[in-house]
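To start, the structure under review is shown below, and the notes come after it.
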Amino acid sequence: MTTVLNVDAVNRSFGERQVLKDVSFTVDSGRLTGFVGANGAGKTTTMRIVLGVLAADSGAVTWHGAAITRADRQRFGYMPEERGLYPKMTVAEQIVYLGRLHGIAAADARRRTTALLDRLELTERANDPVEKLSLGNQQRAQIAAALVHDPELLVLDEPFSGLDPIAIETVLAVLRERARAGTAVLFSSHQLELVERLCDDLVIIADGTIRAAGSRSRLRDQYTLPRFRIEVDSDAGWLRDEPGVTLVELDGRRAVVDLDPGADEQPLLRAALTRGPVRAFAPVRPSLAEIFREVIQ
Amino acid sequence: MTTFEAAKLVAGREIRVKLRDKTFLFSTVLLLFFTALGVVLPVLINGGPDKVAVVGATHVAALERAGLEVVTVPDTAAAERLVRDEEVTAAVVDGPKVLALEEEPGNVVAALSTSPPVEFLNPDALDEAARFLVPFALATLFFFTTISFGVQIAQSVTEEKQTRIVEILVASIPVRALLIGKVAAMTVLAFGQLALIAVVGLVGMRVADVGGPVIDAILPAIGWFLPFFVIGFLMLAALWAGVGALAARQEDLGSTTAPLQLLVMTPFFLVLAFQSNPAAMTVLSYVPFSAPVAMPVRLFTGEAATWEPFVSLALLLLTSALTLLAGARIYQGSLLRTNGRTSFATAWRNPTPVG
Numbered sequence: 001m002t003t004v005l006n007v008d009a010v011n012r013s014f015g016e017r018q019v020l021k022d023v024s025f026t027v028d029s030g031r032l033t034g035f036v037g038a039n040g041a042g043k044t045t046t047m048r049i050v051l052g053v054l055a056a057d058s059g060a061v062t063w064h065g066a067a068i069t070r071a072d073r074q075r076f077g078y079m080p081e082e083r084g085l086y087p088k089m090t091v092a093e094q095i096v097y098l099g100r101l102h103g104i105a106a107a108d109a110r111r112r113t114t115a116l117l118d119r120l121e122l123t124e125r126a127n128d129p130v131e132k133l134s135l136g137n138q139q140r141a142q143i144a145a146a147l148v149h150d151p152e153l154l155v156l157d158e159p160f161s162g163l164d165p166i167a168i169e170t171v172l173a174v175l176r177e178r179a180r181a182g183t184a185v186l187f188s189s190h191q192l193e194l195v196e197r198l199c200d201d202l203v204i205i206a207d208g209t210i211r212a213a214g215s216r217s218r219l220r221d222q223y224t225l226p227r228f229r230i231e232v233d234s235d236a237g238w239l240r241d242e243p244g245v246t247l248v249e250l251d252g253r254r255a256v257v258d259l260d261p262g263a264d265e266q267p268l269l270r271a272a273l274t275r276g277p278v279r280a281f282a283p284v285r286p287s288l289a290e291i292f293r294e295v296i297q
Numbered sequence: 001m002t003t004f005e006a007a008k009l010v011a012g013r014e015i016r017v018k019l020r021d022k023t024f025l026f027s028t029v030l031l032l033f034f035t036a037l038g039v040v041l042p043v044l045i046n047g048g049p050d051k052v053a054v055v056g057a058t059h060v061a062a063l064e065r066a067g068l069e070v071v072t073v074p075d076t077a078a079a080e081r082l083v084r085d086e087e088v089t090a091a092v093v094d095g096p097k098v099l100a101l102e103e104e105p106g107n108v109v110a111a112l113s114t115s116p117p118v119e120f121l122n123p124d125a126l127d128e129a130a131r132f133l134v135p136f137a138l139a140t141l142f143f144f145t146t147i148s149f150g151v152q153i154a155q156s157v158t159e160e161k162q163t164r165i166v167e168i169l170v171a172s173i174p175v176r177a178l179l180i181g182k183v184a185a186m187t188v189l190a191f192g193q194l195a196l197i198a199v200v201g202l203v204g205m206r207v208a209d210v211g212g213p214v215i216d217a218i219l220p221a222i223g224w225f226l227p228f229f230v231i232g233f234l235m236l237a238a239l240w241a242g243v244g245a246l247a248a249r250q251e252d253l254g255s256t257t258a259p260l261q262l263l264v265m266t267p268f269f270l271v272l273a274f275q276s277n278p279a280a281m282t283v284l285s286y287v288p289f290s291a292p293v294a295m296p297v298r299l300f301t302g303e304a305a306t307w308e309p310f311v312s313l314a315l316l317l318l319t320s321a322l323t324l325l326a327g328a329r330i331y332q333g334s335l336l337r338t339n340g341r342t343s344f345a346t347a348w349r350n351p352t353p354v355g
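If you want it as structure tokens, here you go:
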């Protein structure tokens, strides 16, 4: 697990509008990196620059520490936000073709296509033209197109949008397999719960700047407030008057409180115990959605 | 993978898809059908050689030498009946006298008479029909091929843009490989179709035994027609790709290809209008957009000096190099601008969206 992709101080403007401001983050091999941001935050622009479809105004993107060459890019897999395949070509034929464009020999490309379509449960539709497929199946074909050449870096722009729940599970499993096999995966998504389940690392972007980046657990620790959930046997209303404590939520015997910054939680626990039994006392870990809301402000 | 290998893959796909495209196959079959029909129809309408009824054996040999079909009848009354029933076009009865309904049967009369020998002072001169038909055929073939395959290049570019697959393609291979592959594929298909038409046309003419002298006159000019045709096609091919990339959807193609259609149609009509005006044809045979037809036509009619096609071809090559660069620039500048139609100026000013 090493850093393979390094995005370093990338800037990009469209006309007067600067859409990326000193964007920097890294992607490690063998890990799933979630790329999260609101619409228009700069996710797609960043991904396009990584893929070489768009040029950066300044800054650099490196692969294994060196500028990215054509040959490196052949080993990247890409699923653009705006999906597209040749509508009149059959699924199998076009995945073989895209594999060959990535430098895979014909026989190899055919073999991999068969295996991949099988894995994505698309074998039955292999010889149908793409335009005859349902949207969900087109989406699976699109994922197959990004995976056929066994890429070392996989860049997926909103891979789960348009997928039904069953397809989401299939794709999740496939992505996990790839990561375990050593592929670096960078994917963007609006579905924060999905990102939370899937990703090892997280990059949060807002208004063209990176607001937070790092492993999911580290970010969680970093953004964990001094917030505690407490459950006692009698009414917890006394917390309102407790010094150094701000009541966030009160529901009879249960309450959520914030401590003053830097304060120790043990005195509060002792104070609670003097009033009777304490059934629960635990730090509240923020969900990804909460971290996201906080960092993009 | 080199640009060349990538271009080969692109061209291969393009050709495979076209050869399976029902519209393309159907239009090719239709073209061949009309070519064959055009060659054979005159013969079918004429209905073979004229029939002549003859009384006695005296003139049979002379009539048969003239290519007429002879029916021997016992007497004048029988001959007259055949003529009246229109079983034969004429009858030769004793005298000799020729019977016909209303039109003098020139070929029968000629077969029976002695004409003074005629010496042609300009033996290579072609008859008027060939003089008109050959330029017309060449011009039609060239401009039809250029337009139909040019539009197909544009459509295929727009399809990739409209379906957004272009982003995946550009992420894996260089933009110029995509352009070269597409143009190469369409060139191969265009000339494959042309070759088929030429084979059907020429074989048809031989089989139907028409136009012998015209074929003999065309063959040397065709030697020149081919390089002019190929380079003339390539000259416009990259421009077609460029205007295809300006469009975001197939619906935009009408307006983005309009200037190019004009660039193809104007020379077509000029060549047809001025084909019997040597001064105008000389000019047209040097203007690159009309040269692919005008120069071979002048060679066919024997008006051009030996050195002229070389100069014209050199001009054509030079222009082609410029249009290829311009087409590639517009193509690269607009290929990834998928939100709406790209203006020519925007595409021209930003030739490298790709890093």
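Chains as they are written, first to last, in the UniProt record's numbering: chain A, 1 to 297; chain B, 1 to 355. C-beta: ideal position from N, C-alpha, C; glycine also.
1. When DSSP labels each residue in this structure, what does A/G78 get in the three-state scheme?
2. With 8 Å as the threshold, decide whether the Cβ of B/L172 is near any Cβ in chain A.
3. Which one of B/G333, B/A79, B/S255 and B/R84 has the shortest CA to CA distance from B/A91?
4. Less than 8 Å between CB atoms is the rule here; does B/K22 satisfy it with respect to chain A?
5. Look up A/I204 in the DSSP assignment and say whether it is helix, strand or coil.
6. According to DSSP, simplified to helix, strand and coil, what is B/T158?
7. Below 8 Å on the Cβ atoms is my guess for B/E14 versus B/K182; work out the distance and round it to an integer in Å.
8. Residues of chain A with CB under 7 Å from B/R13, in chain order?
9. Under the three-state reduction of DSSP, which class applies to A/N137: helix, strand or coil?
10. Residue range of the alpha helix (DSSP H) that B/I168 falls in?
11. Going by alpha carbons, who is nearest to B/F233 out of B/L194, B/E251 and B/P259?
12. If we count the other Cβ atoms within 10 Å of its Cβ and call it buried at 16 or more, is A/R279 buried or exposed?
13. Does DSSP put A/Q142 in a helix, in a strand, or in coil?
14. Just verifying my parser: in three-state terms, what is the DSSP assignment at B/G355?
15. Between which two residues does the beta strand (DSSP E) carrying A/S215 extend?
16. Quick check on A/L85: does DSSP put it in helix, strand or coil?
17. Count the other C-beta atoms from every protein chain shown that fall within 10 angstroms of the C-beta of B/M265, then say buried if there are 16 or more, exposed otherwise.
18. Under 8 Å, CB to CB, which of the residues in the segment 83-107 of chain A have a partner in chain B?
19. Who are the near neighbours of A/A92 in its chain, counting only those whose CB is closer than 7 Å to its CB and skipping five residues on each side?
20. In chain order, what residues of the same chain lie with their CB nearer than 8 Å to the CB of B/V287, ignoring the 5 residues before and after it?
21. Between B/A6 and A/L101, is the Cβ-Cβ spacing less than 8 Å?
22. Using the Cα positions of B/V354 and A/E158, report the straight-line distance between them to the nearest angstrom.
23. Name the chain A residues that come within less than 9 Å of B/R249, Cβ to Cβ?
24. Along chain A, in chain order, which residues have C-beta atoms closer than 9 Å to that of B/M205?
25. Leaving aside the five residues before and after A/D164 along the sequence, list all residues of the same chain whose C-beta is less than 7 Å from its C-beta, in chain order.
26. Buried or exposed: where does A/K132 fall if 16 or more other Cβ atoms within 10 Å of its Cβ makes it buried?
27. Bridge partners of A/D258, per DSSP?
28. So that I know if they touch, is there some Cβ in chain B lying closer than 8 Å to that of A/P267?
29. In the DSSP output, what is A/R70 paired with across the bridge?
30. Can you list, in chain order, the residues of its chain whose CB lies under 8 Å from that of B/P227, leaving out five sequence neighbours each side?
31. Classify B/L322 as buried or exposed, calling it buried when 16 or more other Cβ atoms lie within 10 Å of its own Cβ.
32. Could you work out which residues of chain B lie near A/Q138, taking near to mean beta carbons separated by less than 9 Å?
33. So with CB distances below 8 Å, who are the chain B contacts of A/A145?
34. Within 10 Å of its beta-carbon, does A/H64 have 16 or more other beta-carbons around it, so buried, or fewer, so exposed?
35. Among B/T301, B/P309 and B/S148, which one has its Cα closest to the Cα of B/W240?
36. Closer than 6 Å by C-beta to A/G162: which residues in its own chain qualify, once you throw out the five before and the five after it? Chain order, please.
Result, derived from the coordinates:
1. The sequence position of residue 78 of chain A within the first sequence is 78, counting from 1. Just to set this straight, residue 78 of chain A is Tyr in the shown sequence, not Gly. Correct three-state label for A/Y78: strand.
2. The count along the second sequence starts at 1 and reaches residue 172 of chain B at position 172. The question names Leu, yet the displayed sequence has Ser at residue 172 of chain B. Output row for B/S172: interface = yes.
3. On the second sequence, residue 91 of chain B is found 91 positions in, with the first residue counted as 1. B/A91 has its Cα closest to that of B/A79, out of B/G333, B/A79, B/S255 and B/R84.
4. Residue numbering aside, residue 22 of chain B sits at position 22 when the second sequence is read from its first letter. Answer no: the Cβ-Cβ gap between B/K22 and chain A never drops below 8 Å.
5. Residue mapping note: residue 204 of chain A aligns to position 204 of the first sequence, counting from 1. Note: A/I204 maps to strand in three-state DSSP.
6. If you number the second sequence from 1, residue 158 of chain B lands on position 158. B/T158 falls in the helix class under three-state DSSP.
7. Position 14 of the second sequence, counted from the start, is the residue given in the question as residue 14 of chain B. Position 182 of the second sequence, counted from the start, is the residue given in the question as residue 182 of chain B. Confirmed, Cβ separation roughly 6 Å.
8. For this step, residue 13 of chain B is matched to residue 13 along the second sequence. Within chain A, the residues near B/R13 are Y97.
9. Position 137 of the first sequence, counted from the start, is the residue given in the question as residue 137 of chain A. Three-state DSSP puts A/N137 in a helix.
10. On the second sequence, residue 168 of chain B is found 168 positions in, with the first residue counted as 1. Note, B/I168: alpha helix (DSSP H), I165 to S172.
11. Within the second sequence, residue 233 of chain B is the residue found at index 233, counting from 1. Answer by Cα proximity: B/L194.
12. Taking the first residue of the first sequence as position 1, residue 279 of chain A is located at position 279. Classification of A/R279: exposed, given that the 10 Å Cβ count is below 16.
13. On the first sequence, residue 142 of chain A is found 142 positions in, with the first residue counted as 1. In this structure, A/Q142 counts as helix in the three-state DSSP scheme.
14. Your numbering for residue 355 of chain B matches position 355 in the second sequence. Note that B/G355 has pLDDT 36, beneath the 50 cutoff, so the model's placement of it is unreliable and the number below is only indicative. B/G355: coil per DSSP, three-state reduction.
15. On the first sequence, position 215 is the one that residue 215 of chain A refers to. Run containing A/S215: T209 to S215, per the beta strand (DSSP E) assignment.
16. The residue you call residue 85 of chain A lines up with position 85 of the first sequence. Coil.
17. On the second sequence, residue 265 of chain B is found 265 positions in, with the first residue counted as 1. Flag for B/M265 reads exposed.
18. Across the segment 83-107 of chain A, CB contacts with chain B closer than 8 Å involve R83, G84, L85, Y86, P87, K88, M89, Y97, L98, R100, L101, H102 and G103, in sequence order along the chain.
19. Along the first sequence, one-based indexing puts residue 92 of chain A at 92. Hits under 7 Å: T113, L117, A126 and N127.
20. For the purposes of this step, residue 287 of chain B is identified with residue 287 of the second sequence, where counting begins at 1. Same-chain partners within the cutoff: P267 and A294.
21. Your numbering for residue 6 of chain B matches position 6 in the second sequence. Your numbering for residue 101 of chain A matches position 101 in the first sequence. Cβ atoms of B/A6 and A/L101: closer than 8 Å.
22. The residue labelled residue 354 of chain B in the question sits at position 354 within the second sequence. The residue labelled residue 158 of chain A in the question sits at position 158 within the first sequence. At B/V354, the pLDDT of 45 sits below 50, so the modelled position is not reliable; the number obtained from the coordinates is stated separately. B/V354 and A/E158 have their C-alpha atoms spaced approximately 22 Å apart.
23. Indexing the second sequence from 1 puts residue 249 of chain B at position 249. Residues of chain A passing the Cβ test: none, with the nearest at roughly 13 Å.
24. Residue 205 of chain B sits at position 205 when you count from the first residue of the second sequence. What B/M205 touches in chain A: nothing, since even the nearest Cβ is about 38 Å away.
25. Mapped onto the first sequence, residue 164 of chain A falls at position 164. Same-chain partners within the cutoff: G136.
26. Residue 132 of chain A sits at position 132 when you count from the first residue of the first sequence. With fewer than 16 other Cβ atoms within 10 Å, it is exposed.
27. Here residue 258 of chain A refers to the residue found at position 258 of the first sequence. Looking at the DSSP assignment, A/D258 forms a beta bridge with A/R227 and A/T246.
28. Position 267 of the first sequence, counted from the first residue, corresponds to residue 267 of chain A. Taking Cβ atoms only, chain B never reaches closer than 8 Å to A/P267, which makes this a no.
29. Sequence index remark: in the first sequence, residue 70 of chain A carries index 70 (1-based). Looking at the DSSP assignment, A/R70 forms no beta bridge with any residue, so it has no partner.
30. In the second sequence, residue 227 of chain B corresponds to position 227, counting from 1. These residues qualify, in order along the chain: L313.
31. Your numbering for residue 322 of chain B matches position 322 in the second sequence. Exposed, by the Cβ-count rule.
32. Here residue 138 of chain A refers to the residue found at position 138 when the first sequence is read from its first residue. The contacting residues do not exist; A/Q138 stays about 11 Å from chain B at best.
33. Position 145 of the first sequence, counted from the first residue, corresponds to residue 145 of chain A. In chain order, I168 make up the part of chain B whose C-beta sits under 8 Å from the C-beta of A/A145.
34. As a working note, residue 64 of chain A is residue 64 in the first sequence. Burial state of A/H64 is exposed, judged by a 10 Å Cβ sphere holding fewer than 16 other Cβ atoms.
35. Translated into the one-based positions of the second sequence, residue 240 of chain B becomes position 240. Taking only the C-alpha atoms, the option nearest B/W240 is B/S148.
36. Walking along the first sequence from the start, residue 162 of chain A turns up at place 162. The answer, listed in chain order, is L135 and Q139.
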